[in-house]
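A.B. asks: The structure that follows is given in the form of structure tokens.
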Amino acid sequence: MRFYINSFMSLARLISVVASIYGTLAGTSAYAIPSEPRKSVLPSSEPKSPEKSANIEFRKGIEAQLKGKNDLAQSHYLAALKRDAKFAPALIGLADIALRQGNRSQAETYLKQADAAAPKAAEVHLAWGRFYLGTKQFEQAEASFKLARDLNPKAVPPLLELGDLYLRDTSRRSDAADSFAAAVALEPGNKFAVYSYGVASAMLGRRDDALKAFEKAAELAPRDPAPLRAAGRLYLEAGDTDKALKSFDLGLKRQPNFVPLMLDRSDALARQGKWPEAIRQLNDALRVAPKSSEVRVKLGDAYQSTQQWDKARAAYTKAIELNDKNPLAYNNLAWMMVQQGVTPEKAVEAAKKAVSLAPDSAPFLDTLGWAQRAAGDLPAAAESLQRATKIEPNSSEFQLHYGIILLDLKRTADAREALNRAIDPHSPKTTDEAKKLLRTLQAN
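Going by the UniProt record's numbering, the sequence shown opens with residue 1, and the numbers climb by one from there.
Written out as structure tokens, the structure reads:
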């Protein structure tokens, strides 16, 4: 299962990190991460200093940027620099805006000026880390975040940034959890740190730790549905649909029109076989987001599962109309046509479109192979399923499908190997089918 930091949690997290980069303003925003007082080599805002006027302009810039008014923010940062040409916070602010505008060279210039003005400021190196992250220079980003952490060991933002960076690499999820845990140790009441620790724990399969973290994050962020959604998805993954629904319902009380939660709730209802309720939930989501291709696909899936073929086809077609780059819409339309046993050529066409949009998706290749089999093109089907099993060799379902096609091609030895690979105690239905086919081979 993939977890995402979403809804208001992501927005607040983003804003808080932006604010915390500019150390002189930490804590002035409702979104800012609470931080302990710390020494900074950045210019202070003492009344007697000429930096006071620069700091005033800087504050105005931050307030404008938090409202998404980047042009206004930029003008305030420039005004701050007119009052103090070496005012590092304003330089960092300008670098951030330049990077968001895609002007990397200008962002780098501003950061070099900030570095020259305050080379030992953790905030400067945190900004460098974000710059490198934006330019996909991950090793440099890690080094900058670590330097920011070392320069200010009591600062939480570098730990959060390191954790997020490590989550990008599946081999470093443990490092991510450690980084987030260190942030929680510094500030147990930091909702972003707690939530992120839950995300990392979930990715590591530490379900109990993740659930505890999400529960705590839900307390710390009483208006945000994201922690409840994450907990619900964990319960859903574990097959506990009742607890999943409870979490989703609590989340929807916080934000009734939060579409991702509505979709998750429909999934839980579908798992319970409550299709009419699931379809009602999806139609509620559709009223909130009528132009959402994702909602249309989900609705198509529900109609397909209840064999309401015409409604399913209409939903998938509308999803494609809304977003012709949505591979799932093409894939699920293709699978429906295969299940119906009609128009296999059109199923192949739709499945090929899905694969062209997501060429490394094993499920889409599986659908394509099954559609090609229905259309009578067994060599192409075998090639598609072989690709799918190479991408996800541990998928019992894909190995079974590959084995069946190899049987169709009379490649008995290869089929036997694939069917043996399909045997998996965690997939009893697929295992039963594979064993049945193997017994047939043995008898013959």
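Glycine residues also receive a C-beta, built at the ideal position from the N, C-alpha and C atoms.
Within the chosen definition, does the stretch 328 to 340 reach the stretch 354 to 365 through at least 3 CB pairs nearer than 8 Å?
C.D. replies: Output reads yes: the stretch 354 to 365 touches the stretch 328 to 340.
A.B. asks: Excluding five sequence neighbours on each side, which residues of the same chain lie with their C-beta closer than 7 Å to the C-beta of E392?
C.D. replies: Position 392 of the sequence shown, counted from the first residue, corresponds to residue 392. Closer than 7 Å at the Cβ level, and outside the excluded window around E392, lie A362, F398.
A.B. asks: To the nearest angstrom, how far is it from the Cα of A73 to the Cα of R100?
C.D. replies: Mapped onto the sequence shown, residue 73 falls at position 73. Mapped onto the sequence shown, residue 100 falls at position 100. The straight-line gap from Cα to Cα measures roughly 13 Å.
A.B. asks: Indicate whether A374 and V338 have their beta-carbon atoms separated by less than 8 Å.
C.D. replies: Position 374 of the sequence shown, counted from the start, is the residue given in the question as residue 374. Position 338 of the sequence shown, counted from the start, is the residue given in the question as residue 338. Yes, Cβ-Cβ distance for A374 and V338 is below 8 Å.
A.B. asks: Let me know the alpha helix (DSSP H) ranges lying completely inside the UniProt repeat "TPR" (293 to 326), each 4 residues or longer, listed in chain order.
C.D. replies: Correct list: 293 to 305, 309 to 322.
A.B. asks: Looking only at its chain, what residues have a beta carbon closer than 7 Å to the beta carbon of Q281, apart from the 5 residues adjacent to it on each side?
C.D. replies: As a working mapping, residue 281 is identified with position 281 in the sequence shown. Cβ within range, chain order: M262, R265, S266, L269.
A.B. asks: For residue 445, which residues of its own chain have a beta-carbon under 7 Å away from its beta-carbon, when the five flanking residues on both sides are left out?
C.D. replies: Only positions 1 to 444 of the chain appear in the structure, and residue 445 is not among them; the question remains open.
A.B. asks: With DSSP run on the structure shown, which of helix, strand or coil describes K410?
C.D. replies: Indexing the sequence shown from 1 puts residue 410 at position 410. Of the three classes helix, strand and coil, the one that applies to K410 here is coil, per DSSP.
A.B. asks: Which residues in the same chain have their Cβ closer than 8 Å to the Cβ of A30, if we skip the five residues on either side of it in sequence?
C.D. replies: Taking the sequence shown and counting its residues from 1, one reaches residue 30 at position 30. The predicted position of A30 is uncertain, since its pLDDT is 25 and thus under 50; no value can be drawn from it.
A.B. asks: Quick test of your reading: A88 and A117, contact by CB under 8 Å. State the CB separation rounded to the nearest angstrom.
C.D. replies: The sequence position of residue 88 within the sequence shown is 88, counting from 1. The sequence position of residue 117 within the sequence shown is 117, counting from 1. Between A117 and A88 the Cβ distance is about 5 Å, and since that is below 8 Å, they are a contact.
A.B. asks: Taking a contact to mean a Cβ-Cβ separation below 8 Å, would you say R172 touches P158 in this structure?
C.D. replies: Translated into the one-based positions of the sequence shown, residue 172 becomes position 172. Translated into the one-based positions of the sequence shown, residue 158 becomes position 158. Not closer than 8 Å, so no.
A.B. asks: Once the 5 residues before and after L228 are set aside, which same chain residues still bring their CB inside 6 Å of it?
C.D. replies: Within the sequence shown, numbered from 1, the residue matching residue 228 stands at position 228. Result list for L228: A218, S247, L250, G251, in chain order.
A.B. asks: What would DSSP say about T430, mapped onto helix, strand or coil?
C.D. replies: Sequence index remark: in the sequence shown, residue 430 carries index 430 (1-based). Three-state result, T430: helix.
A.B. asks: So residue 447 is in the alpha helix (DSSP H); what residue range does that whole segment cover?
C.D. replies: With the chain running from 1 to 444 in the structure shown, residue 447 is simply not present.
A.B. asks: Going straight from the alpha carbon of E142 to that of G129, what length do you get?
C.D. replies: Locating residue 142 in the sequence shown gives position 142, where the first residue counts as 1. Locating residue 129 in the sequence shown gives position 129, where the first residue counts as 1. Rounded to whole angstroms, E142 to G129 spans 7 Å at the Cα level.
A.B. asks: Excluding the 5 residues preceding and the 5 following K353 in the sequence, name in chain order all residues of the same chain whose CB lies nearer than 7 Å to its CB.
C.D. replies: Here the question's residue 353 lines up with position 353 in the sequence shown. Cβ neighbours of K353 beyond the five flanking positions: Y330.
A.B. asks: Per DSSP, what kind of secondary structure is Q137 in: helix, strand or coil?
C.D. replies: Residue numbering aside, residue 137 sits at position 137 when the sequence shown is read from its first letter. Note: Q137 maps to coil in three-state DSSP.
A.B. asks: Quick check: what's the CA-CA separation for G61 versus S75?
C.D. replies: Walking along the sequence shown from the start, residue 61 turns up at place 61. Walking along the sequence shown from the start, residue 75 turns up at place 75. Taking the straight line joining both Cα atoms gives about 7 Å.
A.B. asks: How about A210 and L234: are their beta carbons less than 8 Å apart?
C.D. replies: Within the sequence shown, numbered from 1, the residue matching residue 210 stands at position 210. Within the sequence shown, numbered from 1, the residue matching residue 234 stands at position 234. Yes, these two residues count as a Cβ contact at 8 Å.
A.B. asks: Only counting the same chain, and skipping five residues up and downstream in sequence, which positions put a Cβ closer than 6 Å to that of Q65?
C.D. replies: Indexing the sequence shown from 1 puts residue 65 at position 65. The residues are A73.
A.B. asks: How far does the alpha helix (DSSP H) with G93 in it extend, from its first residue to its last?
C.D. replies: Locating residue 93 in the sequence shown gives position 93, counting from the first residue. It spans 88 to 100 - the alpha helix (DSSP H) in which G93 sits, taken as one unbroken run.
A.B. asks: Going by DSSP, what residue range makes up the alpha helix (DSSP H) through I62?
C.D. replies: The residue given as residue 62 occupies position 62 in the sequence shown. Run containing I62: 51 to 66, per the alpha helix (DSSP H) assignment.
A.B. asks: Please report how far the alpha carbon of N257 lies from the alpha carbon of L409, in whole angstroms.
C.D. replies: Residue mapping note: residue 257 aligns to position 257 of the sequence shown, counting from 1. Residue mapping note: residue 409 aligns to position 409 of the sequence shown, counting from 1. Roughly 51 Å between the two C-alpha positions.
A.B. asks: For L160, which option in S395, A434, M336, K146 has the closest C-alpha, if you only look at C-alpha atoms?
C.D. replies: For the purposes of this step, residue 160 is identified with residue 160 of the sequence shown, where counting begins at 1. Among S395, A434, M336, K146, the Cα nearest to that of L160 belongs to K146.
A.B. asks: So, at 7 Å on beta carbons, what are the nonlocal neighbours of Q442 in its own chain, with the 5 sequence-adjacent residues on each side left out?
C.D. replies: In the sequence shown, the residue the question calls residue 442 occupies position 442. Excluding sequence neighbours, Q442 sits near nothing in its chain.
A.B. asks: Hey, how far is the Cα of L438 from the Cα of L419?
C.D. replies: On the sequence shown, position 438 is the one that residue 438 refers to. On the sequence shown, position 419 is the one that residue 419 refers to. Roughly 7 Å between the two C-alpha positions.
A.B. asks: If the criterion is Cβ atoms closer than 8 Å, does the pair L385 and G369 meet it?
C.D. replies: For this step, residue 385 is matched to residue 385 along the sequence shown. For this step, residue 369 is matched to residue 369 along the sequence shown. Contact flag set, yes.
A.B. asks: Taking the CB atoms as reference points, tell me whether L322 and K291 lie closer together than 8 Å.
C.D. replies: Reading the sequence shown from its first residue, position 322 is the one you call residue 322. Reading the sequence shown from its first residue, position 291 is the one you call residue 291. In contact: L322 and K291 (Cβ atoms closer than 8 Å).
A.B. asks: Is it buried or exposed, P379, if we count other Cβ atoms within 10 angstroms and call 16 or more buried?
C.D. replies: In the sequence shown, residue 379 corresponds to position 379, counting from 1. Looking at its Cβ environment, which holds fewer than 16 other Cβ atoms inside 10 Å, P379 is exposed.
A.B. asks: Here's the rule I'm using: 16 or more other beta-carbon atoms within 10 Å means buried, otherwise exposed. How should H401 be labelled?
C.D. replies: Position 401 of the sequence shown holds residue 401. So H401 counts as buried.
A.B. asks: By Cβ distance, which residues of its chain are closer than 8 Å to L236, with the 5 residues on each side in sequence left out?
C.D. replies: Reading the sequence shown from its first residue, position 236 is the one you call residue 236. Cβ neighbours of L236 beyond the five flanking positions: A244, D264, D267, A268, R271.
A.B. asks: State the Cα-Cα distance for the pair T241 and A226, rounded to the nearest angstrom.
C.D. replies: One-based indexing of the sequence shown puts residue 241 at position 241. One-based indexing of the sequence shown puts residue 226 at position 226. Their backbone Cα atoms lie some 18 Å apart in a straight line.
A.B. asks: When the distance is taken between beta carbons, is A213 closer than 8 Å to V194?
C.D. replies: Here residue 194 refers to the residue found at position 194 when the sequence shown is read from its first residue. Here residue 213 refers to the residue found at position 213 when the sequence shown is read from its first residue. Yes, the pair counts as a contact, with Cβ atoms nearer than the cut-off.
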